[in-house]
Every structure is written in C-alpha cells, then in structure tokens.
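Student: Numbering (the numbering used here), first residue to last: 4 to 382. For each residue, glycine too, the CB sits at the ideal point set by N, CA and C. Right, I'll just put the structure down here and ask away after.
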Amino acid sequence: MNYHQLRNRELREELKQRGLKGYSSLKKAQMIEYLLTGIRPLKNTVEQVDYREMRTKELRSELKKRGLKGYSSLKKVQMIEYLSTGIHPLKNTQVSAPVVNGDIREPSSEGIGYSPTLFGGTKKLPINQIVLGDCLKVLRDFPDGVFDCCITDPPFNMSKKKGLGWAFSSHVTMQEQWDIFAKDDYFQFTVDWIREVLRVLKTNGNLFIFGSFHCIFTIGFILQNLFDRRIISQLVWYKPNAQPNITCRMFTESTEFIVWAVNNESKKAKNWTFNYEVMKAMNNDKQMRNMWEIPLTKRSEKKYGKHPSQKPLAVVNRLVLAGTNEGDLILDPFSGTGTTAVVAQENKRKWIMIEKKEVYNQIAQERIDELSNMLFEGA
C-alpha cells in the first residue's frame, strides 16, 4: 500500500486497524513512518532523522526515548540499524547468553578456558581439529574474540539443480546441494555466518573470503553496509589454465576474488597484520600486487579425494603468510578438504576447521595426517 496517497483520515483509520496507539497528534509524515516501522515517532518530529550524523551518546538517548532495550553494548552502526528497523541487530546471537547443552555460558575474550560448558565440558578450544557440523551452530559454541584470522571459501550459490557443466560433454563441474539457495535465503545465510565469524574474530583480525561474481558483491555489501567493516583490498586469483568457454557467448571465466576485510569499524580499523616484507621476498623483492597468477589445484593435492571448489595450496599459503604470524589461531568455517588447515599447520599456525560433510572431513583428515607424518619424519 502506498501510504503517501492516503489522506490523514485514512491514515488514522489504518493506524486504528493496526492497533497502534497515540497517533491523534501526529502529522502525515509521522503517521506514515509509524505505519512503516511500527514505532511511534517522537512528538514534534516531522522529518526523518539522519542517525548517521548523531553521536553515540545521542543514539543511546534516542534508543532510550523509543523504549528499545539492550543497546548498551552495541556499536554505532548497530544502534543506527536498531533505530531504523526496531529490530535488535544481534537478535538470536548475543542479546542473551547462549545456551549450550542446557547450561548458560558467558562469552569471554580471554579464551575458552573461562567457558566450562563448551565442547562437552573440556574447557578447551578444539585446537588443530576439524569440527563436524553446521558452522552456524558450531560457531555459537565459541566465545567472543578468540581467532586471529579467518580464511574461508563459502558456498558461491552457483550450482544448478541439474548441475553446472560443459556444453560439449556430460561432465558436471558443480552440482552440490550445499551450494543451491534461493536468492533471499543466500543473502540471509551470508549475513548470519559473517555475523558469527565477526563475533569470534579478535578486533582488527583479518578476514579473507573467496568468491566469484555470483556472490562477491553480496559479501562486500554485507561487510561494508550492514557491519561497517573496513575492506582493505580485493585480491584477484587469475587461473592461466582455466576451463574454456565453449559457448562463445561470453568471456572465459578465469578469475576468482578474495575480499580482505578487517574486523573493526571502517574508521577505527588499525594495526591489522600484513607481513609486507614476507610478501616482497616471495615476489623477487618487489611489492606483491593484488593479482596472483596461480594454476588450478594440482592433481597431487586431490589424491585423497576431490572437492568441486578445492583451492590450491599456493593461493591459501599467500593468505596465511600475509595475514597471520606464527602461533596465530586461524578459523575456516567451510573447510572442505582442509586446505587451510594443511597450510596453517605447515606454517606453524594453529587452526580450527568446521565442515558439515563427513566425506570431505575424512579427506581433510588424511591430508593433515600425511603432513603431520612428513613433518615428524623431517624433525
């Protein structure tokens, strides 16, 4: 319904039918706002307030006047979202302490040792382990701010029900149920997992997310506009041996993208890890550029089993060396066949992987075991 076309009397009737109170003294613009948001505008406020121009203290005062609860720990961008929508931005995640195995646990920035009910009462993070399960459920068991970095390759939403394949053969390159979403479902799924990852990342921790044109713009929009995170760079992985485009109706798709973001508000982000000299040394003593020419995953890296979107060790290796230091804890909530874990372990980083499919979990474990044996024999 277009409320702007209604007369004042009709707007009041609509408010009455909705069961909304206290509208008799409101002007037309205020009644329209009331109908759209369900939140009664403040008295004598006609024009819509630009909350972005308000200070944090003023936003808290506005929230208090509106009778909205649970805003004391929110950041500025979250308070703006709360005022604009009337919906708490952290609803169902951090408004109240999560319940794990029937017990309440309090998030702690000091680490999991202070959360006795997590992971079966072990009081420890599952360091250098793969956790089998849905990442949205598993991540809720982690306290705030424990990871130094997240490197992940989420679903791209590029699969089709009949499979994504080649026109000249019966070969199907991408037909995975976990990669098929309705448009709105994919957006909400991406918001949900990014929200959880940002919660468990340390302030100013690095976040590297792989994507194609199917999803990378959605990911960037969510990071910048919903969570106000600073994007440092977009990396381009160029595949010199990419699959040919047989249809001849478009350019050959030979790139993937990696969004590099920092877990802090755009204006506050600082002191993130970037090992400039290491990258320079890897590039013949020249500054490393943001386009990397690296071939597709080698067959030798798939000897224990295949994954339709497995990333080359060489690509992930650069991310690990660029964005983390020895001893750092790395998260991958969509670990697949464990490439991030293999690279992390080889470079003396700690890691925790999450994967929901048992078949990929087993492949990852075999790859990690092989690396562990090689490192042990070489010690």
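What is the residue span of the beta strand (DSSP E) that residue 266 lies within?
Tutor: Here residue 266 refers to the residue found at position 263 when the sequence shown is read from its first residue. From DSSP, the beta strand (DSSP E) with residue 266 extends over 258-268.
Student: Under DSSP, the beta strand (DSSP E) around residue 15 begins and ends at which residues?
Tutor: Along the sequence shown, one-based indexing puts residue 15 at 12. From DSSP, residue 15 is part of no beta strand (DSSP E) but of the alpha helix (DSSP H) over 11-21.
Student: Look up residue 58 in the DSSP assignment and say whether it is helix, strand or coil.
Tutor: For the purposes of this step, residue 58 is identified with residue 55 of the sequence shown, where counting begins at 1. Note: residue 58 maps to coil in three-state DSSP.
Student: Entirely within the stretch 183-208 and at least 4 residues each: give me those alpha helix (DSSP H) ranges in chain order.
Tutor: Whole alpha helix (DSSP H) segments, 4+ residues: 186-203.
Student: Measuring alpha carbon to alpha carbon, tell me which residue in 342, 343, 337 and 347 is nearest residue 330.
Tutor: What you label residue 330 is simply residue 327 of the sequence shown in a count that begins at 1. It is 347 whose Cα lies nearest to the Cα of residue 330.
Student: Where does residue 214 sit, in a helix, a strand or coil, going by DSSP?
Tutor: Here residue 214 refers to the residue found at position 211 of the sequence shown. Residue state, collapsed to three classes: strand.
Student: So, is residue 188 buried or exposed, given that buried needs 16 or more other C-beta atoms within 10 angstroms?
Tutor: Residue 188 sits at position 185 when you count from the first residue of the sequence shown. Result: exposed.
Student: Quick check on the burial criterion: 16 or more other C-beta atoms within 10 angstroms. Buried or exposed for residue 231?
Tutor: The residue labelled residue 231 in the question sits at position 228 within the sequence shown. By the neighbour-count rule (16 or more Cβ atoms within 10 Å), residue 231 is buried.
Student: With the cut-off set at 8 Å, would you say residue 363 and residue 296 are in Cβ contact?
Tutor: Counted from its first residue, the sequence shown places residue 363 at position 360. Counted from its first residue, the sequence shown places residue 296 at position 293. No, these two residues do not count as a Cβ contact at 8 Å.
Student: Take the Cβ of residue 123 as the centre, count every other Cβ of all protein chains shown within 10 Å, and call the residue buried at 16 or more, exposed below.
Tutor: For this step, residue 123 is matched to residue 120 along the sequence shown. Unreliable positioning characterises residue 123 in this predicted model, as indicated by a pLDDT of 49, which lies under 50. A coordinate reading is not provided.
Student: State the DSSP-derived secondary structure class of residue 151, mapped to helix, strand or coil.
Tutor: By one-based count along the sequence shown, residue 151 stands at place 148. It is a strand residue.
Student: What's the gap between the Cα of residue 55 and the Cα of residue 64?
Tutor: Looking up residue 55 in the sequence shown gives position 52. Looking up residue 64 in the sequence shown gives position 61. Each residue's Cα considered, the two are about 14 Å apart.
Student: Give the single residue among 368, 357, 69 and 283 whose Cα lies nearest to the Cα of residue 142.
Tutor: Start at 1 with the first residue of the sequence shown, and residue 142 comes out as number 139. Among 368, 357, 69 and 283, the Cα nearest to that of residue 142 is on 357.
Student: Considering only C-alpha positions, which residue in the set 208, 207, 206 and 223 is nearest to residue 214?
Tutor: Within the sequence shown, numbered from 1, the residue matching residue 214 stands at position 211. When only C-alpha atoms are compared, the closest one is 223.
Student: Could you give the residue range of the alpha helix (DSSP H) that holds residue 29?
Tutor: Here residue 29 refers to the residue found at position 26 of the sequence shown. Unbroken run through residue 29: none, as it is neither H nor E.
Student: In whole angstroms, what separates the C-alpha of residue 299 from that of residue 229?
Tutor: Sequence index remark: in the sequence shown, residue 299 carries index 296 (1-based). Sequence index remark: in the sequence shown, residue 229 carries index 226 (1-based). Looking at the two C-alpha atoms, the distance is approximately 33 Å.
Student: Return the CA-CA distance between residue 159 and residue 290, expressed in angstroms with no decimal places.
Tutor: Counting from 1 along the sequence shown, the entry for residue 159 is found at position 156. Counting from 1 along the sequence shown, the entry for residue 290 is found at position 287. Looking at the two C-alpha atoms, the distance is approximately 30 Å.
Student: Just to confirm my understanding: we take residue 370, look at its own chain, exclude 5 residues before and 5 after, and list those with CB closer than 7 Å. What are they?
Tutor: In the sequence shown, counting from the first residue as 1, residue 370 sits at position 367. The residues are 307, 340, 341 and 345.
Student: Please report how far the alpha carbon of residue 226 lies from the alpha carbon of residue 12, in whole angstroms.
Tutor: Position 223 of the sequence shown, counting from 1, holds the residue named residue 226. Position 9 of the sequence shown, counting from 1, holds the residue named residue 12. Rounded to the nearest angstrom, the two C-alpha atoms are 42 Å apart.
Student: Cα separation between residue 247 and residue 239?
Tutor: Along the sequence shown, read from residue 1 onward, the residue named residue 247 stands at position 244. Along the sequence shown, read from residue 1 onward, the residue named residue 239 stands at position 236. One C-alpha to the other measures close to 19 Å.
Student: Could you round the C-beta distance between residue 2 and residue 301 to whole angstroms and report it? I think they count as a contact, below 8 Å.
Tutor: Since the first residue shown for the chain is 4 and the last is 382, residue 2 is missing from the structure and cannot be characterised.
Student: Compute the Euclidean distance between the alpha carbons of residue 236 and residue 322, then round it to the nearest angstrom.
Tutor: As a working mapping, residue 236 is identified with position 233 in the sequence shown. As a working mapping, residue 322 is identified with position 319 in the sequence shown. Using only the alpha carbons, I get a separation of about 12 Å.
Student: Take the Cβ of residue 39 as the centre, count every other Cβ of all protein chains shown within 10 Å, and call the residue buried at 16 or more, exposed below.
Tutor: The residue you call residue 39 lines up with position 36 of the sequence shown. Label assigned to residue 39: exposed.
Student: Just list the residues that DSSP pairs residue 354 with in beta bridges.
Tutor: Counting from one through the sequence shown, the residue named residue 354 turns up at place 351. Answer is 333.
Student: Pull up the distance between the alpha-carbon of residue 303 and that of residue 366, whole angstroms please.
Tutor: Counted from its first residue, the sequence shown places residue 303 at position 300. Counted from its first residue, the sequence shown places residue 366 at position 363. Going by the C-alpha atoms only, they are around 13 Å apart.
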